[in-house]
Each structure stands twice: as C-alpha cells, then as structure tokens.
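The sequence shown runs 4 to 122 under this note's numbering. Reviewing the structure listed below.
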Amino acid sequence: MNVFRLAGDLSHLLAIIILLLKIWKTRSCAGISGKSQILFALVYTTRYLDLLSNFISLYNSVMKVFFIGASWATLYLMYVKFKATYDRNHDTFRIEFLVIPVIILSLVVNHDLTLIVKF
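Shown next, in the form of structure tokens:
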C-alpha cells in the first residue's frame, strides 16, 4: 500500500465524515453547494461502476462503497431531510455548462467505447 494514497484517502474520508456530521449536528446545509454535491455523486457513481465486476482489494472496494454512499447520503440530507435550509439563491452555477461538454469529450477522447473501463 502506498503511504501517500493511504494518507490522501484517509484525509478525504475524514473530510466527508466532517461534512456529514456538520450537516447532521447543525440540522442545516447552509453554505454547501448542492450542485457541487450532485457532481460529486455523479463522478463517484460513474467512476466506480466497476465495483461489482472488477475486484482489486477489500480496501479498494470498501472505499468505493463509502465514497458512493457518502455522496448520495449528502444529497439526501441536503435535498430531502434538511431541504428547508438549502439556499438555492446562492447556488447559481449552471452545471449544464460543465456536464454537456464533459459528456461530449468523454465520447470523443477515449480508448474504446465500453461502458466500464478496467484499470
């Protein structure tokens, strides 16, 4: 195990736990961009599509499941549980300007047109 990867994963894990605890304890998601959280959930879900078909290690699988679950849990807390505290007026970034070019680039710049890429 690479010590730098472990340090990065653990700091990322800690940041996600702190975010979820902050939302839960304050019962508010004020100041958190819901659109950024949607993008995180999309990235983790699409990036880790190989979870069921490509086993690398238990550590890798657990981290993938945690990142996917935590990103969707954050969305649940923001858009369902504490919906009244989400400030849509300050979350003004238009994610379609980011998502549409990325989808086009992903179809143009790739190695092959498969749904799941094995690393």
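For every residue, glycine included, the Cβ atom is placed at its ideal position computed from N, Cα and C.
**Report entry** Where F43 falls, given that 16 or more other Cβ within 10 Å makes a residue buried
**Finding:** buried
Requested in this report: Tell me whether the beta-carbon of T95 lies closer than 7 Å to the beta-carbon of Q40.
Outcome: no
Requested in this report: Have a look at D90 and L80 and give me their C-alpha separation to the nearest angstrom.
Outcome: 14 Å
Requested in this report: Specify the secondary structure class of D94 as computed by DSSP and reduced to three states.
Outcome: coil
Report task. Consult DSSP for N113 and reduce its assignment to one of helix, strand or coil. Result -> coil
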